[in-house]
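**Q** Below is a structure I'd like to ask you about.
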Amino acid sequence: MYGVQQKTVTFKVGRNQVSVVDARTKTMKVTRDGKTVKTIPISAGGPDNKTYQGQMVISEKFKETRMDGSTVGFTKKDGKGEYDIKDVPHAMRLSNSGTFIHGNYWGAKSIFGAVNTSHGCVGLSDTKGAGDPNTPAAWFYNNTLIGDVVVVKNTGDKTVAPDNGLNGWNLGWAAWKAGSAA
């Protein structure tokens, strides 16, 4: 026979971390192995640009990255982006369409935990340059792995599509099976 092997493989499953973003309370509760390890004030999408709801998975991490509104449909009449921030700190991708959880140094510190102001991302207090390890965004970045789950709720927006990033968690079992080759 060709292509048949018998192999013993061992592996260790790492810690289980799920972070729940609640746009109503403007907080994110980080739970690891069943214990809450931190509650962080956040600012989610504002009334005109709500954050997707649902279970999302961290698919990429960038200590700093550029975010240009024109790449995700936020353009002014002149075609330029409503925003173009060249050094967004502690950015972690939640969707392929541009939803991130990231540091925010340009907003007033008073918005976090108080008001939702973003274009749809989840913002955490941070400093320019991503150099202060004591900010909420730095803590979350340093304590989060690619593959960790972030649940976003109470935004008033639709649930993120299962194929928009690593977000198949949002597809019901019947629909999952219906799309299966089995």
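First residue of the sequence shown: 1, per UniProt numbering; consecutive thereafter.
Ideal placement from N, C-alpha and C gives every residue a C-beta, glycine not left out.
Could you tell me the distance, in whole angstroms, from the CA atom of residue 185 to the CA atom of A175?
**A** Residue 185 lies beyond the range of the chain shown here (1 to 182); nothing can be said about it.
**Q** Touch check for the region 54-67 and the region 136-149: three-plus C-beta pairs under 8 Å?
**A** Short answer: they touch.
**Q** In the DSSP assignment, what residue or residues form a beta bridge with P41?
**A** For P41, which the question treats as bridged, DSSP gives the partners T27.
**Q** Note down the Cα distance separating I111 from M28, rounded to an integer number of angstroms.
**A** If I take the Cα positions, the gap works out to 14 Å.
**Q** Can you tell me whether P133 is buried or exposed? The criterion is at least 16 other CB atoms within 10 Å of its CB, across all chains shown.
**A** P133 should be labelled exposed.
**Q** Is there a C-beta anywhere in chain B that falls below 7 Å from the one on V150?
**A** This model lacks chain B altogether, as it is built from one protein chain only.
**Q** Are the CB atoms of V152 and Q53 nearer to each other than 7 Å?
**A** Yes, these two residues count as a Cβ contact at 7 Å.
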